[in-house]
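Student:
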Amino acid sequence: MMSETLFNKEDSKLVADLYRLSKKSPKLVRSHAYDALSDPTISITSWKMDEFKYYDVPSPFPTLTRGLFTRLLPSKDNKEPRYQIIARGYDKFFNIGEVPWTDWSSMQAHTGPDYTLSVKSNGCIIFIAPLSSSKLIVTSKHALGSMQGVEETHSQAGHRWLKRHMALKGKSEAALAAALWERRWTAVAELCDDNFEEHVLPYPPEKSGLHLHGINETGKAFCTLPASTVDEFADEWGFIKTSTLVLKSISEVKQFTDEIAKTGMWKGEPLEGFVVRTHIVHPKHDSASHDRAPPYPPGSSFFFKVKFDEPYMMYRDWREITKILLSAKGPLNDAKIPKSKLKRKETQLYIKWVKEEIRQNRGAFSEFSKGKGIIATRERFLKWSECNQWKDPSEELESSQPTEFGKTIILPVAIPGCGKTTVSVALAHLFCFGHTQSDDAQTKKSGPTFIKNVVELLKKHDVVIADKNNHMRQHREALQQATSKLHQPVRLLALNWNLEKPLAMVHRLCADRVFSRGENHQTLRADTVAKYHEDVIWQFIRDREELAVNEVNDIIDMEVEDSLEAALARAVDGCVQILGYEKPSQESIDEAVRVAQEYVPKAKKATEKGKKAPEPRYYGILPEIDLLDVISTRLDEAEDVPVNGKAFWRALVGNGRVTNRPHVTFVHQKNLPGQKELWGRCRAIHLMFDPPFFSFHLGHLLWNDKVMALTVEDFSLAASDDSTDAYAGQGHMFVSQLHEDIRNVLHITVGTANCNIQPVEAKALVEAWRKGERAGIGSLEIEGFSAKGRIKGLTY
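So the sequence shown is numbered by UniProt numbering: it starts at 1 and just counts up by one.
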């Protein structure tokens with residue numbers, strides 16, 4: 001009879017649907033079986049959905065829950081299997097603007113009061129649910145029990161804290177199990193314990209433990225209990241209560257969170273953000289947001305989140321930078337720190353400070369890689385910065401530079417295809433600037449000739465555009481030296497095209513522009529046969545040296561992906577602000593755009609006769625992806641990652657061993673002639689005028705003591721590909737003809753431990769893992785990340 005009391009027809013059907021879907025599409029829905037610790041005779045199944053598909057409407061899943069644990073019930077008469085839901089998490093919820101239904105206007109139309117804002121705790125989610133009227137299970141989001149290579153898992157730490165809370169209240173686990181069993185509830189808490197694992201925000205001893213922030217009804221439908229009930233339950237059973245605030249309208253929520261976002265502080269403490277809990281209502285009449293309605297019926301519980309970038313994101317950057325520095329094998333100044341983390345002045349100062357701290361007392365950081373000492377390090381820096389007046393480089397520059405300039409040189413810092421010349425031509429037309437191009441200097445020693453031309457133009461113009469890529473430091477230094485002794489102080493103003501996007505994206509945009517301009521250039525003209533110009537652009541990307549703040553007096557930040565109109569707007573605004581020019585009318589700007597588009601170079605350098613483009617060494621797809629961002633984000637969010645995996649990653653980053661041009665190889669010269677047919681199909685796509693995009697999901701991050709790699713799943717023609725029908729058809733054909741043996745070894749080599757290890761080791765790693773040979777191989781599932789790119793013939 002017990003199984004009858006546990007049986008719920010709707011719940012059982014949901015689980016059966018998950019099994020069917022998992023069998024049909026194993027990459028869409030996956031399950032993992034665990035033995036229940038309180039009763040090893042019972043097998044608990046944890047369910048995991050493809051993170052990408054939570055965004056789809058209609059949903060491909062029979063439930064939107066994240067965190068679902070089920071069991072098979074005893075069945076008589078060999079009837080269809082019957083299932084019970086043991087623990088149920090929240091349904092997947094999103095940040096503001098992350099999906100159409102979390103747009104403010106959509107929520108105005110489709111949600112209703114009250115709006116309960118609860119602090120987004122900075123820890124790890126824990127589910128506490130009854131296995132019976134006297135036994136509990138304690139899980140993390142997707143797992144329970146121990147894990148090889150992890151000293152104490154999140155579920156084990158959560159269970160340890162549960163016992164501690166129960167003891168302080170004089171309660172037993174059996175009593176808690178009975179209370180949850182009677183109501184069919186799942187308690188949802190956040191494990192916050194800096195002694196177990198530090199995150200970004202600190203939790204003092206009195207706030208360490210399980211922060212109860214929700215109680216869900218354990219069933220198919222998402223139904224969560226009000227904050228008052230949750231708080232009463234926390235008081236009764238010894239959990240830490242989560243701070244909440246109730247507001248009456250979505251406009252109040254927006255106004256309140258906008259204000260908090262200015263500082264990232266509430267009640268005097270920093271926070272990551274708020275989870276807003278409300279419910280779905282029938283849409284207001286005349287609503288224009290019907291197509292952005294949440295995927296829930298009226299009456300359903302509904303969550304969304306409001307996250308704050310500061311100071312949370314800055315603190316997280318400091319943590320990651322410190323780990324990178326500690327993992328570096330050579331001098332700390334040679335450690336490779338991602339450029340995306342260097343934008344804040346506070347972070348630049350932190351880097352200088354922490355390098356000195358590491359040099360003086362590395363022992364103080366002995367536990368940092370294990371998640372210990374992160375907050376103490378940050379607090380030492382903040383205390384130090386309060387007591388020391390330390391100017392950052394840009395402030396020192398401002399205090400030392402002259403206040404009046406007689407002349408200005410505008411120097412692009414770019415690579416071919418960024419649009420530097422078209423922007424330069426347009427600026428010169430708008431403001432009557434002097435303009436000279438290095439490509440017009442046809443002498444044997446073109447560099448000195450170009451510098452001479454710049455200096456000569458300064459005699460006639462107050463502003464001269466030194467139109468050259470200036471991508472290397474020596475080019476900028478040559479301009480500095482040539483103007484340092486002039487009678488009037490000369491301002492150096494950089495038009496700096498940053499390369500902070502994935503390099504494959506930067507290369508594709510620039511290469512397409514070079515291809516489109518064809519013969520309309522003095523030296524670098526499109527190679528329509530072998531696309532040799534693409535190799536030239538890669539060479540510029542490899543050689544480019546980042547512009548330092550002390551190399552120039554002012555910088556106008558430019559973006560590679562901007563259209564000519566957008567790029568010119570950035571440059572014009574910078575000239576108006578920095579040089580004090582009056583902003584031209586829109587008609588004048590439009591005219592300048594036309595002039596730039598019609599520009600034809602005065603002279604062209606003759607093409608070298610007999611020069612043959614090098615043959616590709618291999619063909620592969622260049623995914624437009626930032627490995628540093630993807631892997632760091634996943635490792636930050638993942639539970640129970642083996643220590644050696646995190647350590648290997650930090651070492652790769654700190655020692656500059658992460659590949660700067662990720663690629664997925666299809667066929668290599670070494671495979672010829674055995675794969676001649678595949679080589680030919682790749683070559684045909686590479687040579688297309690408008691090649692199609694291909695896409696794939698990232699499967700698992702794999703590593704051993706030699707190499708780290710990402711597996712590639714679901715390789716296909718990109719759904720949003722806008723190539724011509726004929727070319728898209730060839731793309732579909734390429735995918736359909738790709739042999740399973742090739743698909744199974746597709747991967748991205750993330751990096752090797754040292755230069756003596758060949759990247760081909762990544763292929764062997766993936767092959768072994770696919771065959772189930774897991775000894776010595778660490779793995780972590782990569783959720784929610786995909787990439788796209790084009791197939792290219794590559795020479796290095």
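We put the CB at the ideal spot given by N, CA and C, even for glycine.
Would you please state the rounded distance, in angstroms, between the beta carbons of Arg-491 and Thr-421? I believe it to be under 8 Å.
Tutor: Position 491 of the sequence shown, counted from the start, is the residue given in the question as residue 491. Position 421 of the sequence shown, counted from the start, is the residue given in the question as residue 421. That pair is no contact at about 21 Å.
Student: Here's a check: name, in chain order, each residue in its chain whose Cβ is nearer than 6 Å to the Cβ of Leu-622, leaving out the five neighbours to either side.
Tutor: Here residue 622 refers to the residue found at position 622 when the sequence shown is read from its first residue. For Leu-622, where only same-chain residues beyond five positions count, the Cβ hits under 6 Å are Ala-504, His-663, Gly-789 and Lys-792.
Student: Tell me which residues share the same chain as Leu-479 and place their Cβ nearer than 8 Å to its Cβ, disregarding the 5 neighbours each side in the sequence.
Tutor: Translated into positions along the sequence shown, residue 479 becomes position 479. Within the same chain, and ignoring the five residues on either side of Leu-479 in sequence, the residues whose Cβ sits closer than 8 Å to its Cβ are Ile-409, Leu-411, Ile-451, Val-454, Ala-466, Asn-470 and Leu-492.
Student: Let me make sure I understand the geometry here. Which of Glu-783, Thr-186, Gly-209 and Arg-183 has the alpha-carbon closest to that of Asn-195?
Tutor: Here residue 195 refers to the residue found at position 195 of the sequence shown. Nearest of Glu-783, Thr-186, Gly-209 and Arg-183 to Asn-195, Cα basis: Gly-209.
Student: Using the Cα positions of Thr-45 and His-533, report the straight-line distance between them to the nearest angstrom.
Tutor: Walking along the sequence shown from the start, residue 45 turns up at place 45. Walking along the sequence shown from the start, residue 533 turns up at place 533. Computed Cα separation, rounded: 54 Å.
Student: What is the DSSP secondary structure of Glu-396, counted as helix, strand or coil?
Tutor: Here residue 396 refers to the residue found at position 396 when the sequence shown is read from its first residue. Its pLDDT being 45, under 50, Glu-396 is placed unreliably in this model, and the value from its coordinates should be taken loosely. The answer is helix: DSSP assigns Glu-396 an H, G or I state.
Student: By how many angstroms is the C-alpha of Leu-14 removed from the C-alpha of Glu-232?
Tutor: For the purposes of this step, residue 232 is identified with residue 232 of the sequence shown, where counting begins at 1. For the purposes of this step, residue 14 is identified with residue 14 of the sequence shown, where counting begins at 1. So the alpha carbons of these two residues sit roughly 31 Å apart.
Student: Could you give the distance in angstroms between the alpha-carbon of Phe-405 and the alpha-carbon of Trp-679?
Tutor: Position 405 of the sequence shown holds residue 405. Position 679 of the sequence shown holds residue 679. Looking at the two C-alpha atoms, the distance is approximately 58 Å.
Student: I want to know whether the stretch 424 to 442 touches the stretch 593 to 603 - three or more CB-CB distances under 8 Å.
Tutor: yes
Student: Tell me where the alpha helix (DSSP H) around Tyr-350 begins and ends.
Tutor: Taking the sequence shown and counting its residues from 1, one reaches residue 350 at position 350. From DSSP, the alpha helix (DSSP H) with Tyr-350 extends over 345 to 360.
Student: Under the assumption that Thr-111 contacts Thr-278 (Cβ atoms under 8 Å), give the Cβ distance between them as a whole number of angstroms.
Tutor: For the purposes of this step, residue 111 is identified with residue 111 of the sequence shown, where counting begins at 1. For the purposes of this step, residue 278 is identified with residue 278 of the sequence shown, where counting begins at 1. Right, their Cβ atoms sit about 5 Å apart.
Student: Taking Cβ positions, are Leu-68 and Pro-81 nearer each other than 8 Å?
Tutor: If you number the sequence shown from 1, residue 68 lands on position 68. If you number the sequence shown from 1, residue 81 lands on position 81. Not in contact: Leu-68 and Pro-81 (Cβ atoms no closer than 8 Å).
Student: Could you check whether Tyr-83 and Ser-12 sit closer than 8 Å to each other, using their CB atoms as the reference points?
Tutor: By 1-based counting over the sequence shown, the position of residue 12 is 12. By 1-based counting over the sequence shown, the position of residue 83 is 83. Their beta carbons are under 8 Å apart, which means Ser-12 touches Tyr-83 by this criterion.
Student: Taking the CB atoms as reference points, tell me whether Leu-652 and Gly-751 lie closer together than 8 Å.
Tutor: Here the question's residue 652 lines up with position 652 in the sequence shown. Here the question's residue 751 lines up with position 751 in the sequence shown. Cβ distance < 8 Å, so Leu-652 and Gly-751 count as in contact.
Student: Note down, in chain order, each residue of its chain lying with its Cβ closer than 8 Å to the Cβ of Gln-401, except the 5 sequence neighbours on either side.
Tutor: Counted from its first residue, the sequence shown places residue 401 at position 401. Because the pLDDT at Gln-401 is just 46, under 50, the model does not fix this residue reliably, and the value given afterwards should be weighed accordingly. The answer, listed in chain order, is Asn-553.
Student: Ala-189 and His-211: beta carbons closer than 8 Å?
Tutor: Counting from one through the sequence shown, the residue named residue 189 turns up at place 189. Counting from one through the sequence shown, the residue named residue 211 turns up at place 211. Cβ atoms of Ala-189 and His-211: closer than 8 Å.
Student: Give the list of continuous alpha helix (DSSP H) stretches no shorter than 4 residues that lie fully inside the stretch 580 to 666.
Tutor: 586 to 597, 627 to 637 and 643 to 654
Student: Would you kindly work out how many angstroms separate the C-alpha atoms of Pro-642 and Phe-648, rounded to a whole number?
Tutor: Residue numbering aside, residue 642 sits at position 642 when the sequence shown is read from its first letter. Residue numbering aside, residue 648 sits at position 648 when the sequence shown is read from its first letter. Cα to Cα, Pro-642 sits roughly 10 Å from Phe-648.
Student: So Ile-374 packs on Phe-381, CB below 8 Å; how close in whole Å?
Tutor: Within the sequence shown, numbered from 1, the residue matching residue 374 stands at position 374. Within the sequence shown, numbered from 1, the residue matching residue 381 stands at position 381. The Cβ separation is near 11 Å, so there is no contact.
Student: For the ligand GTP, any of its heavy atoms closer than 7 Å to the Cβ of Asn-122?
Tutor: The ligand GTP is not part of the structure shown, which contains no ligands of any sort.
Student: Which stretch, first to last residue, makes up the beta strand (DSSP E) that contains Tyr-115?
Tutor: To locate residue 115, count along the sequence shown from 1; it is residue 115. Counting along the chain, the beta strand (DSSP E) containing Tyr-115 begins and ends at 111 to 119.
Student: With H, G and I counted as helix, E and B as strand and the rest as coil, what does DSSP make of Asn-520?
Tutor: Numbered from its first residue, the sequence shown carries residue 520 at position 520. In this prediction, Asn-520 scores a pLDDT of 43, lower than 50, which makes its location untrustworthy; the coordinate-derived value is nonetheless stated afterwards. In the structure shown, Asn-520 sits in coil (DSSP, three-state: anything other than H, G, I, E or B).
Student: Do three or more CB pairs link the stretch 28 to 41 to the stretch 135 to 144 at distances below 8 Å?
Tutor: yes
Student: Going by C-alpha to C-alpha distance, which of Arg-66, Pro-691 and Pro-294 sits closest to Ala-718?
Tutor: Looking up residue 718 in the sequence shown gives position 718. The shortest CA-to-CA distance from Ala-718 to any of Arg-66, Pro-691 and Pro-294 is the one to Pro-691.
Student: Put Met-166 into one of helix, strand or coil per three-state DSSP.
Tutor: What you label residue 166 is simply residue 166 of the sequence shown in a count that begins at 1. The answer is helix: DSSP assigns Met-166 an H, G or I state.
Student: So, at 8 Å on beta carbons, what are the nonlocal neighbours of Asn-216 in its own chain, with the 5 sequence-adjacent residues on each side left out?
Tutor: Locating residue 216 in the sequence shown gives position 216, where the first residue counts as 1. Arg-88, Gly-89, Tyr-90, Trp-185, Thr-186, Val-188, Phe-222, Cys-223, Thr-224 and Leu-225, listed in sequence order.
Student: Taking the beta carbon of His-487 as the centre, do at least 16 other beta carbons fall within 10 Å, making it buried, or is it exposed?
Tutor: Against the sequence shown, residue 487 aligns to sequence position 487. Counting Cβ neighbours within 10 Å, His-487 comes out exposed, since fewer than 16 surround it.
Student: Ser-327: buried (16+ other C-beta within 10 angstroms of its C-beta) or exposed?
Tutor: As a working mapping, residue 327 is identified with position 327 in the sequence shown. Per the 10 Å Cβ criterion, buried.
Student: Since Met-708 sits in a beta bridge, which residues does DSSP pair it with?
Tutor: Stepping through the sequence shown from its first residue, residue 708 is reached at position 708. DSSP output for Met-708 lists Trp-703 and Gly-751 as bridge partner(s).
Student: Give me the Cα-Cα distance between Lys-670 and Trp-703, rounded to the nearest whole angstrom.
Tutor: Walking along the sequence shown from the start, residue 670 turns up at place 670. Walking along the sequence shown from the start, residue 703 turns up at place 703. If I take the Cα positions, the gap works out to 25 Å.
Student: Helix, strand or coil: which one does DSSP assign to Glu-173?
Tutor: The residue labelled residue 173 in the question sits at position 173 within the sequence shown. Helix, per DSSP.
Student: Using 8 Å as the threshold, is the stretch 311 to 322 in touch with the stretch 339 to 349, meaning 3 or more CB pairs across them?
Tutor: yes
Student: Going by DSSP in three states, Arg-525 sits in which element: helix, strand or coil?
Tutor: Taking the sequence shown and counting its residues from 1, one reaches residue 525 at position 525. Confidence in Arg-525 is poor, its pLDDT being 44 and thus under 50, which makes the residue's placement unreliable; the coordinate value appears in the next sentence. Arg-525: coil per DSSP, three-state reduction.
Student: Can you tell me the Cα-Cα spacing of Ile-321 and Val-354, whole angstroms?
Tutor: For the purposes of this step, residue 321 is identified with residue 321 of the sequence shown, where counting begins at 1. For the purposes of this step, residue 354 is identified with residue 354 of the sequence shown, where counting begins at 1. Using only the alpha carbons, I get a separation of about 9 Å.
Student: Please classify Met-2 as buried or exposed, where buried requires at least 16 neighbouring CB atoms within 10 angstroms.
Tutor: Here residue 2 is taken as the residue at index 2 of the sequence shown, counted from 1. A caution first: Met-2 carries a pLDDT of 47, below 50, which makes its placement in the model unreliable, though a value can still be read off. So Met-2 counts as exposed.
Student: Rounded to whole angstroms, what's the CA-CA distance from Ile-556 to Leu-495? Just pull it up for me.
Tutor: In the sequence shown, counting from the first residue as 1, residue 556 sits at position 556. In the sequence shown, counting from the first residue as 1, residue 495 sits at position 495. Ile-556 and Leu-495: Cα-Cα distance of roughly 5 Å.
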